[in-house]
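Inspection log for the structure reproduced underneath, given as structure tokens.
Protein chains: 2
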Amino acid sequence: MSARQPTSHDVARAAGVSQSTVSYALSGKGTIAPRTREHVLAVAASMGYRPNLAARSMRTQRSGRLAVVTGATVDNRLRMLTGATEVAGEAGYAVDTHSVDGTAEDRTERVADLARGGQVEGVLTFLPVVPAALRLDDDAAPVVAVAAFDEQLRTTGELADASLLGTVIGALVGAGHRRFLHVAGPEHFASARARRDVYLAEVARRGVESLGVVGGVWSPAAGREAVLALPDDARPLAVIAANDHIALGVLRGAAERGWSLPGDLVATGWDDAEFAAYTTPSLTTISVDFREAGRRAMRRLLAAVRGEEPARPTTPLQHVVWRESTGPLPAG
Amino acid sequence: MSARQPTSHDVARAAGVSQSTVSYALSGKGTIAPRTREHVLAVAASMGYRPNLAARSMRTQRSGRLAVVTGATVDNRLRMLTGATEVAGEAGYAVDTHSVDGTAEDRTERVADLARGGQVEGVLTFLPVVPAALRLDDDAAPVVAVAAFDEQLRTTGELADASLLGTVIGALVGAGHRRFLHVAGPEHFASARARRDVYLAEVARRGVESLGVVGGVWSPAAGREAVLALPDDARPLAVIAANDHIALGVLRGAAERGWSLPGDLVATGWDDAEFAAYTTPSLTTISVDFREAGRRAMRRLLAAVRGEEPARPTTPLQHVVWRESTGPLPAG
DNA sequence: CTGAAAGCGCTTACAG
DNA sequence: CTGAAAGCGCTTACAG
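These protein sequence lines map, in sequence, to chains A and B.
Going by full-length UniProt numbering, the residue at position 300 of the first sequence is 300; the numbering climbs one at a time, nothing skipped.
Going by full-length UniProt numbering, the residue at position 48 of the second sequence is 48; the numbering climbs one at a time, nothing skipped.
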């Protein structure tokens, strides 16, 4: 057995100073002579001293911990988590990951529990919650929901920004497409609702035909079934899928019917998943910088924890990537 | 402002007992009269009491925290993280997520830092580390590496188990295939090495031709380039890709050359990614239960933390899923 | 069966 | 500029 972690007391003894001097030297807070400070720092480093966070947390009454809530659903949350963890670490926070399943109400309850539990200073959730069910007292930790979309809740709306779909539909109309179909994501995702709403507004505004909105899950099966359910004379058709997984199912459904792209059908996805450039045909989609989204979400949570106003990021998180699944388009 | 979190002292006052009695009642450890215990529990619950983990940790000299190390790479780690978090939570541990980038040496250094830092009781890494570089003292926290493959390191070898590839190659040979190619994953992944080794052993053992081992990254680009680099007379060929992303690139490369599956080429992947059932043709692959892999990895870490022998799981984590990309096979 | 008390390792007024 | 001391909220021998 070797020695346990050195404490500030051990460092003090080795440096020939008092324990409080060690603390002041390390924090840089008190009025410490530069020579003393450097000496203490050198001794602490040579001993491999690391402050005990539990003790610090007890004394400061701040846990130094933030919770991030994720779920098992397959999507881009690991990249968001990566970005969020980076920013939290730079700010001196540890991130506790919580994996939550169940209904939206279950998840909301778990998030509320975390915010009220006093173990964390803030909660960032990557899963939709039900704002009306998220009853938090004044002393609960702040909650930031990524891509949630409600006034009561602090939110990072950028992932729910669907405005680029206007660009996509505009270009397809410009290329001669007159009939559209939307395969939507789950209703409780703000991003899915926003994409559906922009789709409906765009087809109405541009006076083109819509065969409606179908789907409701982030799954290739939804896209495949949407195409298989179409009448033969639905062609030519432009299918706007709410994400790349759904769009992949659209490609698959078209292949099963013997419909070819882009002649019978064109398709678009969302997210620029790793597979999107390698399907046949490759998928036109909207690329999203999820890692940066995670960074921004965490910055927003940190601002809430500190009671500051969050910085309003200006650079866009999304851009359109045109590929083969939409066929040739007029330049512009 | 409302009141801060109640402490065991507050509960004691409200229940008319001493603070130590509250502690014994909650932990169930001391010799507490059942009536007293129930009363304390009821009062604590009514006040919404939650023990301060920092204080507990300070007193018990155990942090109650485990670190999980992930990275930004796109793969199935979120599902593994989900499983690991579940098991840790059930065991009363909080999980700190650390996102690490850089070279294998950088990552190893970060993992070693975490193990030595004294803030966590154990470290689970989903990224490969360099065992030789992971110099840990006796008092460092135990490290478990998922799919690492070295004697020095505790490891969960199941994800690196490539034996099912023998089944796959056997069936393909039985169907008449005589020429194979392997598109491998990165050398520092134990799973990639194991798949390559089984591939080489199987083609040698069965006396079929191998065009070699190419690749080296978990990316569709590697699969696509491998196919584009083949001579025209490589057909008919069976391509064994180290994962589904690579296999997707193989499909794409074949499409670009005008080669059809399964006539000119058959292909297999690994992981059963969500897209694998929806490519055209759909992908024969080896399905892996990543969530269960995460659970088992965390159980292994918990066993190491407790100094126990880990349970040896018996149910398989992987199974072959035959789909269109390998064409029709003889029954059996 | 219950309570008084020590102590985990810090931070931070306060005294010198 | 430095040190002695209090106290954060628990757990756990120990005394009664």
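Glycine residues also receive a C-beta, built at the ideal position from the N, C-alpha and C atoms.
Predicted model only: the values in this text are computed from it and were never measured.
Check, Outcome
"Glu158(B): CB within 7 Å of a non-hydrogen atom of the ligand SAM", "Annotation note on the ligand SAM: not contained in the displayed structure, which lists no ligands."
"contact_flag[the region 19-36 of chain B, the region 304-320 of chain A] where n(CB pairs < 8 Å) is 3 or more", "no"
"Contacting residues, own chain, Cβ-Cβ under 8 Å from Arg323(A) (five flanking each side not counted)", "Ala276, Ala277, Pro281, Ser282, Leu283, Thr284 and Thr285"
"C-alpha distance - Leu124(A) paired with Val143(A), whole-angstrom precision", "6 Å"
"Runs of alpha helix (DSSP H) wholly within the region 61-126 of chain A (minimum 4 residues, chain order)", "77-90 and 104-116"
"Closest residue to Leu165(B) among Val320(B), Leu211(B) and Ala175(B) (Cα-Cα distance)", "Val320(B)"
"Residues near His177(B) by beta carbon distance below 6 Å, same chain, minus five either side", "Ala238"
"Interfacial residues, the region 239-254 of chain B to chain A, with Cβ spacing under 8 Å", "His245, Leu248, Gly249, Leu251 and Arg252"
"Under 8 Å between C-beta atoms of residue 385(A) and Met298(A)", "For chain A, the structure presents residues 1 to 332; residue 385(A) sits outside this window and is missing."
"Burial state of Thr60(A), where buried means 16 or more other Cβ atoms lie within 10 Å", "exposed"
"C-alpha distance - Ser27(B) paired with Val100(B), whole-angstrom precision", "37 Å"
"Same chain only: Cβ atoms within 6 Å of Leu153(A), ignoring 5 sequence neighbours per side", "Confidence at Leu153(A) is low in this model, with a pLDDT of 49, below 50, so its placement is unreliable and the value that follows should be read with caution. If we look at Leu153(A) and ignore the five residues flanking it on each side, its Cβ neighbours are Pro131 and Ala145."
"Proximity test, Cβ basis, 8 Å: Arg50(B) and chain A", "yes"
"DSSP three-state assignment for Thr326(B), whether helix, strand or coil", "helix"
"Local conformation of Gly176(A) per DSSP, three classes", "coil"
"Range of the contiguous alpha helix (DSSP H) that encloses Ile286(B)", "Per DSSP, Ile286(B) belongs to no alpha helix (DSSP H); it is in the beta strand (DSSP E), Thr285 to Val288."
"Reduced DSSP category for Asp10(B) - H, G, I as helix; E, B as strand; rest coil", "helix"
"Gly83(B) versus Thr97(A), Gly92(A) and Ala91(A), residue with shortest Cα-Cα distance", "Thr97(A)"
"Within 8 Å, strictly: CB atoms of Ala54(A) and Met58(B)", "yes"
"Residues, ordered as in the chain, of the region 85-103 of chain B that lie near chain A by beta-carbon distance below 8 Å", "Thr85, Glu86, Gly89, Ala94, Val95, Asp96, Thr97, His98 and Ser99"
"CB contact check: Ser23(A) to chain B, cutoff 8 Å", "no"
"Close beta carbons around Pro316(A), own chain, < 8 Å, minus the five adjacent residues each side", "none"
"Chain B contact for Arg224(A) (CB, 8 Å cutoff)", "yes"
"Spatial neighbours of Ala25(A) in its chain, beta-carbon cut-off 7 Å, leaving aside the 5 residues before and after", "Ile32, Thr36, Arg37, Val40 and Leu41"
"Best match in Gly216(B), Phe180(B) and Leu228(B) for proximity to Glu209(B) [C-alpha to C-alpha]", "Phe180(B)"
"Best match in Asp138(A), Arg235(A), Ala67(A) and Gly263(A) for proximity to Gly307(A) [C-alpha to C-alpha]", "Asp138(A)"
"Neighbourhood of Pro220(A) by C-beta, 7 Å cutoff - its chain only, sequence neighbours within 5 removed", "His245, Ile246, Leu248, Gly249 and Arg252"
"Enclosing beta strand (DSSP E) for Pro268(B) [first to last residue]", "According to the sequence provided, residue 268(B) is Thr. The question's Pro does not apply to it. Leu265 to Thr268 is the span of the beta strand (DSSP E), which, as asked, contains Thr268(B)."
"Buried versus exposed call for Ser63(B) [16 or more other C-beta atoms within 10 Å across all chains shown]", "buried"
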